[in-house]
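Chains as they are written, first to last, in the working numbering: chain A, 5 to 327; chain B, 29 to 343. Ideal Cβ placement from N, Cα and C applies to all residues, glycine included. Every value quoted in this text rests on a predicted model; they were computed, and no experiment measured them. Input: a single structure, listed below in structure tokens.
Written as structure tokens, this is what we have:
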């Protein structure tokens with residue numbers, strides 16, 4: 005496995021008490037594969053990503069194991085972790101408009117990674133940066149490399165971010181909602197680019213998204229998160245064909261469908277729980293149409309089929325869904 | 029950029045003209061009659077007074093007086109001091125190096141203390157280091173210059189005897205002695221500006237450190253030093269550069285109180301003496317020179333702002 009995350013937990017100290025943003029999350033990604041982490045805002049998916057990158061604020065308490073190519077990351081010193089960031093593991097952020105530094109040219113920002121990790125000189129790094137910009141399909145890369153972020157479109161900026169992330173051929177690329185801020189057509193281009201680069205380089209991708217359409221088209225495996233915990237984990241195709249957690253069923257119902265005709269958006273009743281006072285037992289129970297007395301106890305993440313796990317007492321859901 | 033600069037330069041002339049009217053007009057509101065002061069012992073003699081007034085055109089209508097003055101100023105002639113009979117331009121040129129030296133030293137002290145202090149307090153936000161730096165900045169901003177000046181003289185000149193309490197030696201005469209005579213007034217002037225620069229640097233750094241591009245820089249694997257000094261500071265300095273230039277302009281306008289305390293013969297002392305003696309040509313000349321310096325530096329501030337901000341440079 006390229007990346008194995010086991011029992012990852014992240015707690016923040018807040019004025020109103022400890023907030024456990026991520027609670028015993030486990031998943032793994034193989035080389036050349038894409039794992040989608042899906043969930044609503046605040047479900048802990050971005051915190052999970054930052055924990056893997058070692059980018060959480062020092063005040064955050066992190067426990068559990070993060071292994072990259074069989075090497076444990078959680079025990080690394082901050083300095084060792086820093087040396088791997090941008091080289092072995094890289095990240096693309098949600099906001100291309102603000103994620104690039106406005107004071108430096110696009111080429112300089114890509115070249116910086118190469119100077120840092122590959123020890124290249126100024127001229128060589130800038131030349132390599134132009135080649136990378138060309139590789140992420142930026143037209144007239146040599147001219148664009150000398151431009152500042154404000155002179156580039158959102159899609160182009162995200163390509164620069166991707167070029168920067170891929171500069172050192174990382175083993176793992178984390179993409180946190182990489183297309184949320186972009187136009188639909190640009191979205192498709194960026195995701196196609198990620199797929200292509202993944203095939204060429206064998207990089208493992210963790211794709212964080214709330215867009216199930218993106219998951220269906222680009223992910224091999226899926227982790228569905230709810231209120232800091234894993235609700236369901238499966239192959240992407242399996243998840244869409246046979247969801248085994250009521251939350252996933254709700255999400256699939258809430259995903260906009262064009263072929264439905266009516267175009268009506270189903271939605272999940274209720275709101276995401278307050279993580280400072282999480283409900284006892286199953287955190288989805290207050291919103292769950294299938295809840296019963298046993299939901300007051302936390303259901304374990306258990307396999308319903310090989311490679312398909314769900315944290316629900318009702319799983320497999322065939323009978324409840326048929327009823 | 030070229031057109032912008034031309035337009036900006038074009039604004040300087042009307043600005044200075046309006047200022048000249050203001051200076052000339054406001055001066056008329058000063059109590060006291062220059063003729064009386066210039067007559068000295070003979071101030072009781074109406075013939076002498078009338079003669080002085082006629083000589084200096086003080087008996088002409090104000091608009092005429094103004095036009096006589098301004099028409100020469102535009103040719104670079106600031107007239108003669110009524111009191112010491114020296115060309116005003118020469119007076120200004122002898123005082124300018126003094127004030128300039130003091131301003132540069134004060135500004136260097138302010139930048140060397142203020143900017144790093146602002147960076148450190150932003151990076152170590154809400155720690156004892158931050159509180160200490162903020163306390164020092166507050167002290168620098170709120171301590172009156174005359175008080176700090178007197179205290180420094182008491183400590184370093186009277187008690188320790190390390191530095192001369194007053195006077196000025198030109199840099200060209202004896203550089204070492206020149207620094208000794210200016211270091212205390214420069215520190216007094218610089219400490220207040222250091223506080224202002226520190227507060228602005230801190231605020232700008234806090235803003236920059238919270239930006240997404242700083243997270244990107246960390247995600248690249250850059251060390252904390254490179255993240256702070258290269259990525260955050262580069263953006264945080266944009267507003268600080270403008271502020272610094274304006275503060276430098278204020279220093280060049282002379283420091284009346286500080287120059288008085290340390291008896292430094294700079295612009296501040298020149299204009300105070302001129303006002304007390306109703307030496308109108310000197311007052312007008314110094315204020316015009318100061319205004320010119322200030323307008324020029326605000327233009328420099330704008331150019332620097334463009335230089336450090338690619339969003340404006342390439343828009």
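Listed in chain order, the positions of the stretch 88-102 of chain A with a beta carbon within less than 8 angstroms of a beta carbon of chain B are 88, 89, 90, 91, 94, 95, 97, 99 and 102.
Residue 180 of chain A is bridged by DSSP to A:212. The Cβ atoms of residue 41 of chain A and residue 227 of chain A lie closer than 8 angstroms to each other. Distance between residue 221 of chain B and residue 135 of chain B, taken at the CA atoms: about 8 angstroms. For the stretch 83-109 of chain B, the set of residues with a beta-carbon nearer than 8 angstroms to any beta-carbon of chain A is empty.
Boundaries for residue 171 of chain B: no beta strand (DSSP E) harbours it, and the DSSP string shows neither H nor E there.
According to the DSSP assignment, residue 239 of chain A belongs to the beta strand (DSSP E) that extends over 233-239.
Identification of chain B residues near residue 66 of chain A by a Cβ-Cβ cut-off of 9 angstroms yields none; the smallest Cβ-Cβ distance measures about 16 angstroms. Taking residue 90 of chain B as the centre and dropping the five residues before and after it, the same chain places the C-beta of 56 closer than 7 angstroms to its C-beta, in chain order. Counting along the chain, no alpha helix (DSSP H) covers residue 77 of chain A, and no H or E run does either.
Residues of the stretch 147-170 of chain A with a Cβ closer than 9 angstroms to any Cβ of chain B, in chain order: 151, 152, 153, 154, 155, 165, 168 and 169. The beta carbons of residue 125 of chain A and residue 150 of chain A sit no closer together than 8 angstroms. Residues are counted here when their Cβ sits less than 9 angstroms from a Cβ of chain A; for the stretch 230-252 of chain B these are 239, 240, 241, 242, 243, 244, 245, 246, 247, 248, 249, 250, 251 and 252, given in chain order. For residue 246 of chain A, not one C-beta of chain B is nearer than 8 angstroms to its own C-beta. In summary, the residues of the stretch 55-82 of chain A whose CB is separated from some CB of chain B by less than 7 angstroms are 57 and 59, in the order they occur in the chain.
In this chain, the beta strand (DSSP E) harbouring residue 31 of chain A covers 21-33. Looking only at A:232, A:206 and A:302, the smallest Cα-Cα distance to residue 38 of chain A is reached by A:206. With respect to residue 142 of chain A, residue 177 of chain A sits apart: the two C-beta atoms are not nearer than 8 angstroms. For the pair residue 118 of chain A and residue 254 of chain B, the Cα-to-Cα distance works out to about 15 angstroms.
Per DSSP, the unbroken beta strand (DSSP E) holding residue 312 of chain A starts and ends at 312-314.
Within chain A, the residues 105 have their CB atoms less than 7 angstroms from the CB of residue 259 of chain B, given in chain order. Within the DSSP secondary-structure output, residue 70 of chain A pairs in a beta bridge with A:9. The stretch 53-72 of chain A makes contact with the stretch 7-14 of chain A; the number of CB pairs closer than 8 angstroms reaches 3 or more.
Residue contact check for residue 86 of chain A against chain B: a CB pair falls below 8 angstroms. Taking CB atoms only, residue 19 of chain A has no neighbour in chain B less than 8 angstroms away.
Here the C-alpha atom of residue 99 of chain A lies approximately 29 angstroms from the C-alpha atom of residue 253 of chain A.
By the criterion of a C-beta distance shorter than 6 angstroms, residue 142 of chain B is surrounded in its chain by 222, 225 and 226, once the five residues flanking it on both sides are discounted. Interface criterion met: the Cβ of residue 339 of chain B is under 8 angstroms from a Cβ in chain A.
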